[in-house]
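Residues -20 to -1, 1 to 279, numbered by mature numbering (1 follows the signal peptide of the UniProt record, and there is no 0), are exactly what the sequence shown covers, in order.
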Amino acid sequence: MLRLVFSFLLVASLVCNIYAQITLEPERDSQQNVVIYAVNTAKIPYSVIISFSDLQNITIPGGSNVTSVASPGRSKVATLKPTMAGQSTNYRYSYSYAKGSIFGKSKFAPVYLIPVAEGTAVRASVNTNISKVVKSEVNADAYVGVSFHFDAPTTIVAPRKGVIADMKMDFESTSDNLTFTAEENFIEIYHEDGTLTKLIVLKSGSQKVQIGDEVFPGQDLAESGGNHYQNGIRVMMVNQKVEKSDMDKFRYLYFPVLFATEEGNQEIKAPTQLTVAHPVEVVTMELSKKELKQFQEGK
């Protein structure tokens, strides 16, 4: 039997996260506008597309759909105005949503920490798209993140400031010599520029954070896993952002990032040996004035 000895990651087109609860609540105001509110029970923003199949005496910006962002809690996502005052209105809609903010932007180009303890020697490699192995697909060479391999178990840390968006930490393998499994433990972080970082292959039950927690660069998240893999212990890191396709549907785009290393900031494009560095300028890059003061006082 052929044994596959590299890391892969399945690229999926994710429209809605089944664990999120995004609901819409239309209301009429005193001017007979229809104001649509989104109720988001998650701890992070979600992007929403509202598609209208029937509009009678109603005008909306953008034609037949509205793209908005639902903040945690209850927030306004659309306003439908009567085209002709004093006449009846009617509308029909459906909606889809995806994790993250489609309108999020960075104030500067972010730099990420390699998500393990400072001083750790790692072997970095770009993940192989599973489509390249089991299928002949157009996007088989698409970027799907980076793996960091190390010789001994270590602590996995936050690569960047953010909010814990999701996690799964109850998987324990009953097999050895695995290549990859979709059941693997992970912790996902939402960043204020609307993007997400997913850290995969973690020790079951080792999480030191909860969903909704704010985390800072270098903060302990969990312990490493991977003893049951052919390539040994490692952590996989995937960065993604939500975007709108030509068909007015959501999809996730995976993208490379700059990592802080002892040799300077660099993108991982090929297998390489690195020593993990946590430069102060990277750790403090996104801190508020209050957070920076607390960081300096805690040193």
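Each residue gets a CB set at the ideal place from its N, CA and C atoms; glycine is no exception. Only a predicted model underlies this, so the values are computations on that prediction, with no experimental measurement involved.
Under the three-state DSSP convention, the category residue i falls into
| i | result |
| --- | --- |
| F235 | coil |
| L(-19) | Confidence in L(-19) is poor, its pLDDT being 30 and thus under 50, which makes the residue's placement too unreliable to answer from. |
| K273 | helix |
| G80 | strand |
| G142 | strand |
| E117 | Residue confidence is low: E117 scores 43 on pLDDT, short of 50, so the model does not pin down where it sits. No coordinate-derived value is stated. |
| G43 | coil |
| G278 | helix |
| D173 | coil |
| D34 | strand |
| T59 | strand |
| F230 | strand |
| S27 | strand |
| G53 | strand |
| residue 308 | Residue coverage of the chain in this structure runs from -20 to 279, which leaves residue 308 outside it and unanswerable. |
Start and end residues, beta strand (DSSP E) containing residue i
| i | result |
| --- | --- |
| F176 | A small fix is needed here, since residue 176 is Leu in this sequence, not Phe. Per DSSP, L176 belongs to the beta strand (DSSP E) from 176 to 180. |
| V91 | 91 to 93 |
| D131 | Run containing D131: none; DSSP gives neither H nor E here. |
| I2 | 2 to 8 |
| V102 | 101 to 106 |
| T252 | 252 to 255 |
| D200 | 200 to 203 |
With 16 other Cβ atoms within 10 Å as the buried cut-off, status of residue i
| i | result |
| --- | --- |
| residue 283 | Residue 283 lies beyond the range of the chain shown here (-20 to 279); nothing can be said about it. |
| Q190 | exposed |
| M217 | buried |
| E243 | exposed |
| P95 | buried |
| V143 | buried |
| M265 | buried |
| P139 | buried |
| E168 | buried |
| G205 | buried |
| K141 | buried |
| P197 | buried |
| G125 | buried |
| I248 | buried |
| F83 | exposed |
| A18 | buried |
| F235 | exposed |
| L272 | exposed |
| F88 | exposed |
| V102 | buried |
| V262 | buried |
| L201 | buried |
| P6 | exposed |
Within 7 Å, strictly: CB atoms of residue i and residue j
| i | j | result |
| --- | --- | --- |
| Y71 | I38 | yes |
| V91 | A257 | no |
| S68 | V49 | no |
| S127 | H208 | no |
| F166 | K148 | yes |
| S81 | I29 | no |
| R214 | V181 | yes |
| F151 | S184 | yes |
| L35 | I16 | no |
| Q12 | P62 | yes |
| S268 | D173 | no |
| A104 | T135 | no |
| G192 | K79 | no |
| S31 | N20 | no |
N- and C-terminal bounds of the alpha helix (DSSP H) containing residue i
| i | result |
| --- | --- |
| K260 | For clarity, residue 260 is Val in the given sequence; the question names Lys instead. 260 to 263 is the extent of the alpha helix (DSSP H) around V260. |
Sheet register partners of residue i (DSSP bridge)
| i | result |
| --- | --- |
| K148 | F166 |
| G212 | G212 is not bridged to any residue. |
| A240 | L93, N245 |
| V14 | R8, L60 |
| K221 | L233 |
| E194 | V143 |
Cβ-heavy atom distance, residue i to the ligand FMN, below 6 Å
| i | result |
| --- | --- |
| D173 | This structure lacks the ligand FMN; in fact it carries no ligand of any kind. |
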